Each structure stands twice: as structure tokens, then as C-alpha cells.
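**Q**
Residue numbers (my numbering): 8 to 283.
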């Protein structure tokens, strides 16, 4: 190969050579008087090249109203080894070039897409890439995100404490037509000043909780659905004496003993008479 006299680089292209093919290279000079000496011989390898094939066996499924998990298999071994994968996704009523793209951090073969709209049809493609360029994309796969969780929170929370147990009831949550059906409830019990939280799941609009020790407890309830967790209820606040557990036949502090109720009622009746 011959270059111009003022050239300091030369590019050789031959697509019949596989990536990383070694070449023995040396450079010489010449003029109208004849050939000059050659440089020392060096080994230079051809570039890797971009991926030539698309990934295969692409699968996508939704596990909430805003998340889709996508998996695939890498392309067959060959020229242009992948260094990662790029996912393109867009809603069925949108143009592909207006969609979003995400890349894997490494040569992973799965990704979770987040921040999606509920009850929507998405199209997804996958392509491999490396430092040279991008390979061809797969055919688009389609998947529907699940309907959104119920916007209504559990209401009318009622509780009774007997000993170190709390019985909790609430009105059932009814999902709207465009929301995911309720499949259960999640109850969160947390103690103020303590980092430990207790989570209980139940299919019924009621549950029994155990208070491990005295203190102030906060209880929250939310509905569970295929679309995810619903809105949280108003908080129930329970205060018990530190280090003391009520006897099993004692009512919680929010209940007034019957004898005190009659005493209070009698005082209310007597006070107006005394003013006369």
C-alpha cells in the first residue's frame, strides 16, 4: 500500500477479516532515487466491529401498574461482541422515535422498566452495542401494564386492645372499574423511637396485632392489588404504659370503665341541682 508523502496515517478496510485479526505491519519510505529503510515490524489487530445479530427470545411481563420486567438471550457468538444492551420502549399510540431508551450497566440480559403509565400497552425492542456501534434491534414485543391500585384508602378504622393484643377492623376498599381488584391488605405497625417495623398481610378487612412492649405505636393500613399498593389510611395511634402490659380482661386506654361512666353521669346530673 502506498500513501502520499505528507501522510502519517493509513486506513485499511477489508470486511472479510474477522474482528481482532492480527496483522504484521512495517512502514518504509521511498523517493525518485529509490527505496529507503523500513521501520521495525509491529503487530496490529483489526477492530472488533459492531454486533452483527440481534438478541433473541425477548420476553416482557408486567408486575405492577408502573413496572415491566424484560428478559432476553444474547446473540450468537460472532464478530462484534456485545458490551451491553439498549432497550427502546414506547406506548402503542406513540411513535418509536419519541419513546424512551435505557441501557444496561453491564452485559446483563434483563432489565426492569419503571415509571410507566398504568393500564397501557407498551412496545419494547432490544439491541446489543459495544464501543464500535450498535447492532440490529429485535422485533418489538408488546405488554400491558396492570391497572392502577385503588386510590381509596381503608376508612373507619376501629380497634380494641386486650392485654398486649390489638384487634383492628376497617371498611373494605372497593376498586373502581379502571383500578386493580383488591386482593388483600397490608398493615404496618411501628413503635415511635424504634427502627423496627412489623408488616402483616391479610385477605380480610381485619387483623390482630401483638404489641411487644409498652410505648407509643402507630398503625397504618393500605389495600393490596395486582397493580401495587393502594393509598394509606389515616394513622391509628396507641399509647401504652412503658414496660407494662394490660391484663387480658382490661380494656385499652381509649375505653372508659363502666363504673367511671356512671360516676361522670351522676356528677353531670347533680351539679345543676347544687346551683339552685
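Yeah, the Cβ is synthetic: ideal placement off N, Cα and C, and Gly gets one too.
Predicted, not measured: the structure shown is a model, and the values here were computed from it.
Return the CA-CA distance between residue 44 and residue 28, expressed in angstroms with no decimal places.
**A** Translated into the one-based positions of the chain shown, residue 44 becomes position 37. Translated into the one-based positions of the chain shown, residue 28 becomes position 21. Residue 44 and residue 28: Cα-Cα distance of roughly 26 Å.
**Q** How would you write the range of the beta strand (DSSP E) that residue 204 sits in, first residue to last?
**A** Numbered from its first residue, the chain shown carries residue 204 at position 197. Per DSSP, residue 204 belongs to the beta strand (DSSP E) from 204-209.
**Q** In this structure, how does DSSP classify residue 21 when only helix, strand and coil are distinguished?
**A** Position 14 of the chain shown, counting from 1, holds the residue named residue 21. Coil, per DSSP.
**Q** How about residue 165 and residue 172: are their beta carbons less than 8 Å apart?
**A** Translated into positions along the chain shown, residue 165 becomes position 158. Translated into positions along the chain shown, residue 172 becomes position 165. No, Cβ-Cβ distance for residue 165 and residue 172 is not below 8 Å.
**Q** Going by beta-carbon coordinates alone, are residue 79 and residue 130 separated by less than 8 Å?
**A** Taking the chain shown and counting its residues from 1, one reaches residue 79 at position 72. Taking the chain shown and counting its residues from 1, one reaches residue 130 at position 123. Going by C-beta atoms, residue 79 is not nearer than 8 Å to residue 130.
**Q** What is the DSSP secondary structure of residue 103, reduced to helix, strand or coil?
**A** For this step, residue 103 is matched to residue 96 along the chain shown. Residue 103: helix per DSSP, three-state reduction.
**Q** For residue 37, does the count of other Cβ atoms within 10 angstroms reach 16, so buried, or fall short, so exposed?
**A** Residue 37 sits at position 30 when you count from the first residue of the chain shown. Per the 10 Å Cβ criterion, exposed.
**Q** With 16 other CB atoms within 10 Å as the buried threshold, where does residue 118 fall?
**A** For this step, residue 118 is matched to residue 111 along the chain shown. Classification for residue 118: buried.
**Q** Put residue 149 into one of helix, strand or coil per three-state DSSP.
**A** Taking the first residue of the chain shown as position 1, residue 149 is located at position 142. Correct three-state label for residue 149: strand.
**Q** Our contact map puts residue 192 next to residue 229 with C-beta atoms below 8 Å; I'd like the distance itself, whole angstroms only.
**A** Indexing the chain shown from 1 puts residue 192 at position 185. Indexing the chain shown from 1 puts residue 229 at position 222. That belief holds up - the Cβ atoms of residue 192 and residue 229 are roughly 7 Å apart, short of 8 Å.
**Q** Closest to residue 160 by C-alpha separation, out of 189, 142, 137, would be which residue?
**A** If you number the chain shown from 1, residue 160 lands on position 153. When only C-alpha atoms are compared, the closest one is 189.
**Q** In three-state DSSP terms, what is residue 141?
**A** In the chain shown, the residue the question calls residue 141 occupies position 134. If DSSP states are grouped into helix, strand and coil, residue 141 belongs with the strands.
**Q** Using the rule of at least 16 other Cβ atoms within 10 Å of the residue's Cβ for burial, across every protein chain shown, is residue 242 buried or exposed?
**A** Translated into positions along the chain shown, residue 242 becomes position 235. Burial call: exposed.
**Q** My output table needs one value for residue 70: the three-state DSSP class, helix, strand or coil.
**A** In the chain shown, the residue the question calls residue 70 occupies position 63. In the structure shown, residue 70 sits in coil (DSSP, three-state: anything other than H, G, I, E or B).
**Q** What number of angstroms, rounded off, separates the C-alpha of residue 51 from the C-alpha of residue 116?
**A** Reading the chain shown from its first residue, position 44 is the one you call residue 51. Reading the chain shown from its first residue, position 109 is the one you call residue 116. If I take the Cα positions, the gap works out to 32 Å.
**Q** How is residue 133 classed by DSSP in three states: helix, strand or coil?
**A** Along the chain shown, one-based indexing puts residue 133 at 126. In this structure, residue 133 counts as strand in the three-state DSSP scheme.
**Q** Is it true that the region 138-152 meets the region 197-206, where meeting means three or more beta-carbon pairs spaced less than 8 Å apart?
**A** No, the region 138-152 is not in contact with the region 197-206.
**Q** Please state whether DSSP places residue 172 in a helix, a strand or coil.
**A** Stepping through the chain shown from its first residue, residue 172 is reached at position 165. Three-state result, residue 172: strand.
**Q** Should residue 123 go down as buried or exposed, given a rule of 16 or more other Cβ atoms within 10 Å for buried?
**A** Here residue 123 corresponds to residue number 116 of the chain shown, with the count starting at 1. Counting Cβ neighbours within 10 Å, residue 123 comes out buried, since at least 16 surround it.
**Q** Can you list, in chain order, the residues of its chain whose CB lies under 7 Å from that of residue 83, leaving out five sequence neighbours each side?
**A** Position 76 of the chain shown, counting from 1, holds the residue named residue 83. So the qualifying residues of the chain are 60.
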